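Notes follow the structure.
Residue numbers (the working numbering): 23 to 521.
In structure tokens form, the structure reads like this:
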């Protein structure tokens, strides 16, 4: 949606694209990226119909929240912006006027936002679609490709059939197999019409940028791409989405988005020994039951009461998906960019559909976590913290470093998330909590929402202390979940240092 009268027809180099990106995100010549109004319910296999682009009226949000942290126990501030332009998708910097003039291109743009294409196919300088940023896999770094329509370094020479083969079958132009870091097993479920719209967007709605990405060089035997054909034949279903006639239109729309363009299973479904997803829809008992990806744990999205969505209402889940805030929780880690660059720009009806589908999933997963808010254990742990009469492992650390924002009773305050009963705290795997304590984090950048930040404690706490405080949080106020070991913290810290 971005255009400038002095912009050349063909930009060469990421430096030029980066300058345009900075200008667009400052609001110079940028139009709204709040999504395209549908005006009616969309069919499960179609993006919303294109309508004129609108500019958000919600007050914009400041950059990273928090004043300088002068000590390990200092609490960051919640920052509300004054007069700054509303945020637009990063991809707006590389878009042409075709997204306003061509309905199919506009539809493709919406689908690219729903699929969050810019999140993976960006450069190290965060220029969207030009590729080059590494994806950390268990086998090594995989570099995302340039998907701008540049004829030499991008997909400018792709025919529509070439594009479909890459998107649905994981085969690049020329026959090269793509690693399953590309979620083509999910994209295979998308309709022909949506594939056509995405192709139109990337060919006519995105500016070509010449940018050579680093070659992916995995160690043997993972560098043998011919073997991916065997892997594909064994594990990938290649099925189109088929609406369930026993369900309503909202459920089917949500299922289509979650299983297809949204590719939620790529992160939230555990993988097997061959790195295959253990299911592609609700018919699988492992589907969306949680998994570790790039040293973040994507939590269980089924109806489990403790560590899933069982205690979330559909309204709370809808708000969380659209804003990163809901049910006392805040999106962080790998989910933050999904909210920032994708979910906040979807139409409300689509976000509701996603929540509606997720809330229909039966409780599944093997976690032993539980939560009992009114139990005597919950009351005792709160009393002990208040009085200091009993020194539980990690309790003193929590009181000194965490209680200022999350409160002694673990219920959070003023935009800071609750820890008591949090399904994220009670997740089957504590990796995300440990990483958050080590590195810190911040809430998504969402129009109309204040941002909050958590300082990093990796330089102030040793591995044993981090294991203790995370274990305390996972086993206080009625929470019951397996605490992390000191060894697990040590291993994660060492791994993160190597990245």
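Where is the CB? At the ideal position from N, CA and C, for every residue including glycine. It should be emphasised that the depicted structure is a prediction, and the values quoted were computed from it without experimental measurement.
Which of helix, strand or coil DSSP assigns to residue i
i	result
residue 273	helix
residue 475	strand
residue 229	coil
residue 84	The predicted model places residue 84 with a pLDDT of 27, which falls under 50 and marks its position as unreliable; any figure quoted below should be read in that light. Residue 84 falls in the coil class under three-state DSSP.
residue 293	strand
residue 109	coil
residue 521	coil
residue 492	helix
residue 183	helix
residue 524	Since the first residue of the chain shown is 23 and the last is 521, residue 524 is not available in this structure.
residue 124	coil
residue 507	coil
residue 414	coil
residue 177	coil
residue 208	helix
residue 384	coil
residue 129	helix
residue 366	helix
residue 55	Only weak support is given to the placement of residue 55: the predicted model assigns it a pLDDT of 33, under 50, and the value that follows is read from those uncertain coordinates. Coil.
residue 267	coil
Residue i and residue j closer than 7 Å at C-beta
i	j	result
residue 185	residue 169	no
residue 165	residue 241	no
residue 203	residue 194	no
residue 120	residue 227	yes
residue 498	residue 138	no
residue 374	residue 340	yes
residue 440	residue 433	yes
residue 482	residue 475	no
residue 383	residue 324	yes
residue 376	residue 279	yes
residue 459	residue 514	no
residue 486	residue 517	no
residue 175	residue 126	no
residue 286	residue 315	no
residue 308	residue 292	yes
residue 392	residue 328	yes
residue 223	residue 109	no
residue 381	residue 336	yes
residue 387	residue 326	yes
residue 318	residue 454	yes
residue 489	residue 477	no
residue 247	residue 199	yes
residue 257	residue 298	yes
residue 504	residue 419	no
residue 271	residue 133	no
Bridge partners - residue i, DSSP secondary structure assignment
i	result
residue 162	159
residue 393	501
residue 144	150
residue 193	199
residue 117	228
First through last residue of the alpha helix (DSSP H) which encompasses residue i
i	result
residue 287	287 to 290
residue 215	214 to 222
residue 254	249 to 257
residue 260	No alpha helix (DSSP H) holds residue 260; DSSP gives it neither H nor E.
residue 239	Element bounds for residue 239: n/a, residue is neither H nor E.
residue 169	Counting along the chain, residue 169 falls outside any alpha helix (DSSP H), and DSSP gives it neither H nor E.
residue 375	370 to 381
Short CB-CB distance (under 7 Å) between residue i and chain C
i	result
residue 141	Among the chains in the structure shown there is no chain C, since it carries only a single protein chain.
Length at least 4, wholly inside the stretch 297 to 359: the alpha helix (DSSP H) runs in chain order = Counting only runs of 4 or more, we get 336 to 345.
Quick one: complete beta strand (DSSP E) runs, 3+ long, within the stretch 418 to 487?
-> Entirely contained in the stretch 418 to 487, not one beta strand (DSSP E) run reaches 3 residues.
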